[in-house]
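Novice: In my numbering, the protein residues as written are 1361 to 1452.
Note that CB positions come from ideal geometry on N, CA and C, so glycine has one too.
Only a predicted model underlies this, so the values are computations on that prediction, with no experimental measurement involved.
Take a look at this one; I'll ask things after.
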């Protein structure tokens, strides 16, 4: 699963904090998932760019039930945004 996020509500200083904290997101995931991310702060536009790659082994994906597969992805995305928003709130 690849998720690309743009956030124009953080400063460069906040970006540096969030960049470090995103490493902790992997700790909240199922340990069977692989997680990678890339972050960049576009100073000219003041936008934080986050690219997430979450790899789920085939054995953990419900075969033949697209609703369960979609539900799995939705849960991971919700979990990420909950984590991310909580980290942003801790900056204030």
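Give the list of continuous beta strand (DSSP E) stretches no shorter than 3 residues that lie fully inside the stretch 1381 to 1445.
Specialist: 1394 to 1402, 1407 to 1415
Novice: What three-state label does DSSP hand residue 1363 in the structure shown?
Specialist: Reduced to three states, the DSSP call for residue 1363 is strand.
Novice: Once DSSP output is grouped into helix, strand and coil, what is the label at residue 1451?
Specialist: In the structure shown, residue 1451 sits in coil (DSSP, three-state: anything other than H, G, I, E or B).
Novice: Could you compute how far the alpha carbon of residue 1371 sits from the alpha carbon of residue 1434?
Specialist: 28 Å
Novice: Give the straight-line distance between the Cα atoms of residue 1378 and residue 1448, rounded to the nearest whole angstrom.
Specialist: Each residue's alpha carbon lies about 7 Å from the other.
Novice: Closest to residue 1397 by CA distance: which of 1391, 1380, 1407, 1406 is it?
Specialist: 1380
Novice: Could you tell me which of 1385, 1373, 1384, 1409 sits nearest to residue 1399, measuring between CA atoms?
Specialist: 1409
Novice: Give the straight-line distance between the Cα atoms of residue 1445 and residue 1374, rounded to the nearest whole angstrom.
Specialist: Rounded to whole angstroms, residue 1445 to residue 1374 spans 12 Å at the Cα level.
Novice: On the premise that residue 1367 lies in contact with residue 1407, defined as a C-beta separation below 8 Å, what is that separation, rounded to the nearest angstrom?
Specialist: 7 Å
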